[in-house]
Each structure stands twice: as structure tokens, then as C-alpha cells.
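Below: one structure, written as C-alpha cells.
Protein chains in written order, with the numbering used here: chain A, 4 to 278; chain B, -7 to 249.
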């Protein structure tokens, strides 16, 4: 009896009947199966990659191998250089992400506030959004110089227009009856913005955060390809120029891990918001 | 009882890109203090427009709208508006939703109003849900919360714009009873806009029938149905005859077109 109680405590939902207990167990098993298969796929890819590379079925000079990537990572850690490169890329990405998310939302607020201004600027925003930002690379370097500032500007350019458009759409899609309700309670425009429009657009804001996580990494790495002397993007370009594919692969894997970490942080924010 | 609201030769024109639409034509009617009046009419005739004019969300083109014998002002705090859907804000809990009006207008007697809100929530069995988010409440409970949110500001005149239309029939009958009881016990004057004749007859002291656009008053029926609640009033022997009368007033127009 005591055992059963402990079991019930472990489960988040106390079962009401045998059938319910069976149902909860099935849900839990399904979840475990999904996670196990996700890990198995990853291990299979790594194992197969290592096997093919070690038996020379594929040439490790061009495709590297998990063990070579691991060794390269250990070497970079021992030399201490990797932390500088990770730190620089992370800083550029976070600064670009923050500027474009906050800046894009502020521009969307200004455009929501002033309908006429929105109509005037609409064609410019559309053109800016459809423009391939990489084309602006040389101009950015000319204007702000090479290095970190150019990389952050590139990152901001890639994310900010999309943020503005998405947030403005979210603001404008607010139910007009809700706005009327606020007006019937004598709310002024600032109150409508802060008490209705902004909280109502929180779901879209979290979507923007998720999109910007990916886009800001794209912007930073693109910027580092164009002009940089440090960072993971720089290591990728440098590695490919000297045919050191292990360095390219190690930097790429680190990028994947960092991007996933940032995405998980946004997911935690989302979970906190939905609690 | 004195007159609470009076429409005197009110006209209203909508401006659109293609045309100017005459929505209300020489509209005249009055609603007494503590009276529950319903407005029925063909779809699109301008029933909601009338409520928007009273609430100051739209501006009349000509005529006079008097509240307690004085021309109605924009942002008049004596008017409370309840919409078709409850429009509870999902990110706020029930207490935060109910006190939204106090938060917006910051009245001097805010503490008193908050006490009043607590009283209303307790009286209508919602106090235990004050920390709950609206998504956990049933349709009927949500509608009661929306009504309390309006009543907290202690309006003299309540405007109800088809507030039961989003509910299923069974819940609707129950919520009609609840809302009617709340309005009568709080001694409020109310105007209900509805396309449901039964609902209008069961809840009101007076039914105002409008013509199609441009809307004008076609018929006013003062009701004396027996029964304390809307559900009981539906059992009155005159209910069917009154339904037929209002129906004919509405459909005559349809056939005259």
C-alpha cells in the first residue's frame, strides 16, 4: 500500500482508476519512447559517421569524424583559444538579438500608434524585408568599419525588419471589440497599448524571440564571414581556407549547441509566460 | 420613476469610401429609471450603433441623446457597456479582470469600488476563483464575471449588446436568469440589444421594435408578464401572443420591402 502511494506521488497526476492509471502509464511510455529514439538516431549518426571514416569508406580529410572533432575540441580547450572565439560570437549574437528584438518592437509600437506614419513607411519596410541583407555587407563595412560593429549591424539588419513586421501584425490583429471595451471604460491610447495591445501580443513576441534566435546566429555568422578576426564564423572560414575540416566541423557543432541553448532559454521564458 | 435615457430625433450617418449610409433616422424612444428595455430589429438595422452612440464610441449626426435630462457626454462614467462576447483578458486573473475599470479610471473611491467588487464576486459565487485565469471558467461564469466587471464601476445605465449570443441554449437560459437577477437586485437601468424575441420578452419591461435601415422606432411594447425570472416569464400565458405580435411587427416589414 505504501509502495503504491509513493508511486502515486511520483506521478504528476494521481490515477482515479485502473484504466486511468493505464492511460497515464501509456502517455509516460510514449514520452520515453520518443526521447529514446531521438537519442538513438543521434548515436546512430555519430556511430555510422565514425565507422565510415575509420574504415576509409568516406575520406575524413573532407568530412572529418566525431573522434577527430572531439580531439580538435580538446586541443582548442587546452590552448584556451576556443573560449575567446565562443565569447566573441556569443556577445555579437546576444547584442544583435537584443537590439533587433527591442528595437523592432519599439518601431512596431510607433507604427501602431501612428497609422499615417505606418502607411507612409509601409513600402520601405516591404522593400527592406525582401532585400537580401548580405548585399549590404560591403556598404556596412564602409560605413561602420570592419569587426564587431559591422557584424552586429548585419545581425540587426537581418532580424529587425522581420521583428517589426511580425509585431505590427500582432498589434493590428487585436480584436477591435476589445479595444472598444477599453474605450467604453474610458481608457486612453497609452492604457490601451500597455493593458491590452502589448500583453495580447505576448504569444507573437515569443514566436519572434524564437525566430530571432535562429536569425541572429545567421546574421552573426554571415557578418563574421564578411569581416572578422575572431569568432566561430571566423574559425569556419579560416579552417576551410587551410583545408582543416576538423576545425570547420568543431566550430559548426559548437554553433549548433549554442543556438540550441539559446532556443531552450526562450522555451523556458515561454513556459514561464504560460504557467 | 423618472426618465433615464431619451433619444430625440437622432440621426446617424456612416461614412464609407463608396457612399454615405443613413443608419438611424429620426430615432425617438425613452427608457425609465430601473427599467429593462430591449431593442429588437432586422439584422444590420443599427441596433449596436444605438449602443455605441450612448457609450460615446460614435458621435451622432443630429438630434439629442439625454441621460437624466442632460445631453450625454463622451466618456460618461454613468454608462457601462457589456459586449457580445465576454472579452475577458486571458493574461489577467479574475480579480484583475473585474478591477480593470478601476485600474483605468483610478477613481478617488477606488478602495470602496474594490470592496464592492469583492461583495459582488462573493454574492454571485465567483470569489473562490479570483486568482484563476478566465480559461478555467465555464461560458456562463465568464459572462457573469464580465457583467461584474461592468457593474463594479457602478454605472447608472447598462448597455448589453447581445451578451448571450455566444452561449449554448441551456447555458444561455441560465445566464439570462443570473444577469436579470443581478441587474434587478442592483436596481440598474438596462438596454439589451438582441435578435432573439424570446430573450427580449423574457428579460424586459419594454421591447422597442426597429425598422430596417435607416432604423426608426416602429413599435414599443410595454410588458406585464408574470414571473420573477426570465425562465418563469416564458411560462406566462401571454408570452406566445406577445411573441407573435413582435414577430409580425418585424416580418411585416420584411414582406413590405
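Glycine included, each C-beta is placed from N, C-alpha and C at the ideal position.
Since I believe residue 184 of chain B is in contact with residue 152 of chain B (beta carbons under 8 Å), could you give me their beta-carbon distance rounded to a whole number of angstroms?
Taking the first residue of the second chain as position 1, residue 152 of chain B is located at position 160. Taking the first residue of the second chain as position 1, residue 184 of chain B is located at position 192. Their Cβ separation, rounded to whole angstroms, is 4 Å, which keeps residue 152 of chain B and residue 184 of chain B in contact under 8 Å.
If contacts are defined as beta-carbon pairs under 8 Å, then residue 235 of chain A and residue 219 of chain A qualify, I think. What distance do you get, rounded to the angstrom?
Start at 1 with the first residue of the first chain, and residue 235 of chain A comes out as number 232. Start at 1 with the first residue of the first chain, and residue 219 of chain A comes out as number 216. Residue 235 of chain A to residue 219 of chain A, Cβ: 13 Å. No contact.
Which chain B residues are close to residue 190 of chain A, counting only those with a beta carbon under 7 Å from its beta carbon?
For the purposes of this step, residue 190 of chain A is taken as the residue at position 187 of the first chain. 96, listed in chain order.
What does the alpha-carbon distance come out to for the pair residue 230 of chain A and residue 83 of chain A?
Residue 230 of chain A sits at position 227 when you count from the first residue of the first chain. Residue 83 of chain A sits at position 80 when you count from the first residue of the first chain. Between residue 230 of chain A and residue 83 of chain A, the C-alpha separation is close to 23 Å.
Give the interface partners of residue 186 of chain A over in chain B, defined as CB-CB distance under 7 Å, in chain order.
For the purposes of this step, residue 186 of chain A is taken as the residue at position 183 of the first chain. Residues of chain B passing the Cβ test: 49.
Please state if the CB of residue 201 of chain A and the CB of residue 2 of chain A are separated by a distance shorter than 9 Å.
No information on residue 2 of chain A is available, as it lies outside the stretch 4 to 278 that chain A covers here.
Under a Cβ-count criterion, where at least 16 other Cβ atoms within 10 Å of its own Cβ denotes burial, should residue 146 of chain A be classed as buried or exposed?
Position 143 of the first chain holds residue 146 of chain A. Per the 10 Å Cβ criterion, exposed.
With a threshold of 9 Å between beta carbons, is residue 108 of chain B in contact with chain A?
Numbered from its first residue, the second chain carries residue 108 of chain B at position 116. It does not: the Cβ of residue 108 of chain B has no partner Cβ on chain A nearer than 9 Å.
Does DSSP put residue 6 of chain B in a helix, in a strand, or in coil?
As a working mapping, residue 6 of chain B is identified with position 14 in the second chain. Residue 6 of chain B: strand per DSSP, three-state reduction.
Of the choices B:149, B:242 and B:31, whose alpha-carbon is the least far from that of residue 191 of chain B?
By one-based count along the second chain, residue 191 of chain B stands at place 199. Per the Cα distances, B:31.
Does any C-beta atom of chain A lie closer than 9 Å to the C-beta of residue 81 of chain B?
The residue you call residue 81 of chain B lines up with position 89 of the second chain. Yes, contact with chain A.
So, at 6 Å on beta carbons, what are the nonlocal neighbours of residue 258 of chain A in its own chain, with the 5 sequence-adjacent residues on each side left out?
Counting from 1 along the first chain, the entry for residue 258 of chain A is found at position 255. Non-local C-beta neighbours of residue 258 of chain A in its own chain, meaning closer than 6 Å and more than five positions away in sequence, comprise 235, ordered along the chain.
Report back the beta-carbon spacing between residue 79 of chain B and residue 184 of chain A to the nearest angstrom; my notes put them in contact at under 8 Å.
Numbered from 1 along the second chain, position 87 holds the residue referred to as residue 79 of chain B. Numbered from 1 along the first chain, position 181 holds the residue referred to as residue 184 of chain A. Taking C-beta atoms under 8 Å as the contact rule, residue 79 of chain B and residue 184 of chain A qualify, at a distance of about 5 Å.
How about residue 67 of chain A and residue 248 of chain A: do their beta carbons lie closer than 9 Å?
Numbered from 1 along the first chain, position 64 holds the residue referred to as residue 67 of chain A. Numbered from 1 along the first chain, position 245 holds the residue referred to as residue 248 of chain A. Going by C-beta atoms, residue 67 of chain A is nearer than 9 Å to residue 248 of chain A.
At which residues does the alpha helix (DSSP H) containing residue 194 of chain B begin and terminate?
Stepping through the second chain from its first residue, residue 194 of chain B is reached at position 202. From DSSP, the alpha helix (DSSP H) with residue 194 of chain B extends over 189 to 195.
Would you identify the three-state DSSP class for residue -6 of chain B, choosing helix, strand or coil?
Counting from one through the second chain, the residue named residue -6 of chain B turns up at place 2. It is coil, neither helix nor strand.
Expected contact under 8 Å - CB spacing of residue 133 of chain B and residue 168 of chain B to nearest Å:
Residue mapping note: residue 133 of chain B aligns to position 141 of the second chain, counting from 1. Residue mapping note: residue 168 of chain B aligns to position 176 of the second chain, counting from 1. Not really, about 14 Å apart at Cβ, beyond 8 Å.
Please specify which runs of the alpha helix (DSSP H), each continuous and at least 4 residues long, are wholly inside the region 32 to 75 of chain B, giving them in chain order.
Within the region 32 to 75 of chain B, the complete alpha helix (DSSP H) runs of at least 4 residues are 39 to 47.
Using a Cβ-Cβ cutoff of less than 6 Å, which residues in the same chain neighbour residue 148 of chain B once the five nearest sequence positions on both sides are dropped?
For the purposes of this step, residue 148 of chain B is taken as residue 156 along the second chain, with counting starting at 1. Cβ neighbours of residue 148 of chain B beyond the five flanking positions: 70.
Chain A residues whose Cβ lies nearer than 7 Å to that of residue 67 of chain B
As a first step, residue 67 of chain B is located in the second chain; it is residue number 75 there, counting from the start. Per Cβ cutoff of 7 Å: 189.
For the candidate residues B:83, B:99 and B:174, whose alpha-carbon lies nearest to that of residue 114 of chain B?
Here the question's residue 114 of chain B lines up with position 122 in the second chain. Distance check between residue 114 of chain B and each of B:83, B:99 and B:174 places B:174 closest, using alpha-carbon atoms only.
What are the partner residues of residue 231 of chain B, as DSSP defines its beta bridges?
For the purposes of this step, residue 231 of chain B is identified with residue 239 of the second chain, where counting begins at 1. Per DSSP, residue 231 of chain B has no beta bridge partner at all.
What is the DSSP secondary structure of residue 111 of chain B, reduced to helix, strand or coil?
By one-based count along the second chain, residue 111 of chain B stands at place 119. Here residue 111 of chain B sits in helix by DSSP.
Which term fits residue 19 of chain B, buried or exposed, when burial requires 16 or more other beta carbons within 10 angstroms of its beta carbon?
The sequence position of residue 19 of chain B within the second chain is 27, counting from 1. The residue is buried, with at least 16 neighbouring Cβ atoms inside 10 Å.
C-beta neighbour in chain B for residue 69 of chain A, strict 9 Å
Reading the first chain from its first residue, position 66 is the one you call residue 69 of chain A. For residue 69 of chain A, no CB of chain B lies under 9 Å from its own CB, so it is not counted at the interface with that chain.
Own chain residues within Cβ distance below 6 Å of residue -6 of chain B, not counting five before or after:
Position 2 of the second chain, counted from the first residue, corresponds to residue -6 of chain B. 25, listed in sequence order.
Closer than 9 Å, CB to CB, is residue 199 of chain A near chain B or not?
Position 196 of the first chain, counted from the start, is the residue given in the question as residue 199 of chain A. So yes, residue 199 of chain A belongs to the interface.
Rounded to the nearest angstrom, what separates residue 38 of chain B and residue 135 of chain A at their Cα positions?
The residue given as residue 38 of chain B occupies position 46 in the second chain. The residue given as residue 135 of chain A occupies position 132 in the first chain. It is roughly 50 Å from the alpha-carbon of residue 38 of chain B to the alpha-carbon of residue 135 of chain A.
Residue 122 of chain A versus residue 270 of chain A - alpha carbon distance:
Translated into the one-based positions of the first chain, residue 122 of chain A becomes position 119. Translated into the one-based positions of the first chain, residue 270 of chain A becomes position 267. So the alpha carbons of these two residues sit roughly 34 Å apart.
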